[in-house]
Amino acid sequence: MSTTTPTATDTQLALHDITVDRGTGPVVRGVDITIPPGEVTALMGPNGAGKSSLVLAIGGVLKAHGSVKLANRELLNKRPERIRQAGIAIVPEGRRLLPELTVADNLQVACYALSSTDAKAGVAHALELFPELEKRMNLPARSLSGGEQQMLVLAQALVSAPTFMLIDELSLGLAPVVVKRLIPTIRTIAETGVGVLLIEQFATVALELANHAYIMDRGRIRYTGTADELKNNPELLQTSYLLSGEAAQPGRSS
Ligand SMILES: Nc1ncnc2c1ncn2[C@@H]1O[C@H](COP(=O)(O)OP(=O)(O)OP(=O)(O)O)[C@@H](O)[C@H]1O
C-alpha cells in the first residue's frame, strides 16, 4: 500500500488569475499569489490598489474569476462559511465587532459553527495569544481601545484554528506601541504553521514579518520577491506608494 506525502502545492493557498469586478470594471486583474503555510506573506500597495477587494473575493464575499486552491480543492466563489470551514479566516479591514456585545460574546459569535469542545479550545488558544482580552471579557467591545479591538478581531479569526489567515490592514489607525505589541504575536501565529497574508500599509511592519512580499497597484501585481530583497533595495519600494506619499513607519509622516 502506498502512502501519500503532502507536497508543497497541497499545503499552500494558491490564488491564480484572480479578477474582481465591482461594477465599474475590474479592480483586481489577473492576480497570482502563493501563500505558503508557516510564514507571513505581505501584500502592499497604495489606497485603491485592490487589496481589500482581493481579500473579500477569497473570503467569498465578492464574486470573482480565477482560482483559489487549497489541497487541490477549488474554493473561489464558495460561500463564506464554506471557506472558513476549509481553514481560511479573513480579518477584514475596519474591525467589525458587535460593539454592544461583550468581548466574551463577540468571541462566542465567532464560534457559531464549532462544536462546544472546539469552541472552548479555540477561545483558550486565542486568549493565550492575547491575554489582555481576558481582563476585558465582560466589557462591551465598544469600550476597548483600538489595539484591544484589533486583538479581538484577530482572536475571532483564531477561534476556528485556521490554517490560513488573511489580515487586512493590521496596523491601520493604531499607535506605534500597539503595532509593536501585535508584531510578535503575528510571528507566533505563523510559527504554529498558519500561512498569513498580511495587508499592511507600513513597509517596515510588513517587511519585518514577511518572508515574501507582493506589491499591488491598480489591480495588478507589480512586484513579487523576497522581503529581504525589498528591504535591501529601497528604490524598489520608492517605485510604489511606500516611500512617496505615505509614511513608511507607523507614527511617522513624510
Ligand atoms: N463597495 C465598493 N463598490 C464599488 N467599488 C468599490 C467599492 N469599494 C472599493 N471599490 C473600488 O475598488 C477599487 C479597489 O479598492 P480596494 O478597497 O480593494 O483597494 P485597497 O487596495 O484595499 O485600498 P484601501 O487601502 O484604500 O482599502 C477602488 O477603485 C475602489 O474605489
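With the working numbering applied, the sequence shown covers 1364 to 1617.
Idealized CB from N, CA, C, for every residue including glycine.
Just so you know, these numbers come straight off a predicted model, no measurement behind them.
Residues of its chain near residue i, where Cβ-Cβ distance is below 8 angstroms and the 5 sequence neighbours each way are ignored
i     : result
R1385 : S1416 and L1425
A1452 : A1520, L1521, S1523, P1525, F1527, M1528 and L1529
D1373 : A1434 and N1435
Cβ-based burial, residue i [other Cβ within 10 Å; buried from 16]
i     : result
K1483 : exposed
E1491 : exposed
D1531 : buried
A1576 : buried
Q1513 : buried
G1619 : Residue 1619 lies beyond the residue range present for the chain, which begins at 1364 and ends at 1617; the question has no answer from this structure.
Residue i - containing beta strand (DSSP E), residue span
i     : result
M1407 : V1403 to M1407
P1389 : P1389 to I1398
S1479 : No beta strand (DSSP E) contains S1479, which is instead part of the alpha helix (DSSP H) from S1479 to L1492.
Same chain, Cβ closer than 7 angstroms to residue i, five either side skipped, listed in chain order
i     : result
Q1519 : N1469, L1470 and A1473
T1382 : P1389, V1391, R1392, G1393, A1427, H1428 and G1429
E1495 : E1511 and M1514
Nearest-angstrom Cβ-Cβ length linking residue i and residue j, presumed shorter than 8 angstroms
i     : j     : result
L1349 : V1431 : The question about residue 1349 has no answer, for the chain in this structure spans 1364 to 1617.
E1563 : I1546 : Their Cβ separation, rounded to whole angstroms, is 10 angstroms, which puts E1563 and I1546 out of contact at 8 angstroms.
G1558 : P1399 : 6 angstroms
Sequence-distant residues of the same chain with beta carbon closer than 6 angstroms to residue i, five excluded per side
i     : result
G1423 : K1441, R1442, P1443 and I1446
D1395 : H1379
V1541 : G1510
E1497 : L1490
Element boundaries [alpha helix (DSSP H), containing residue i]
i     : result
T1526 : Run containing T1526: none; DSSP gives neither H nor E here.
V1418 : K1414 to I1421
Review point. Quick check: the stretch 1577 to 1592 against the stretch 1388 to 1396, are there 3 or more CB pairs under 8 angstroms?
Key: yes
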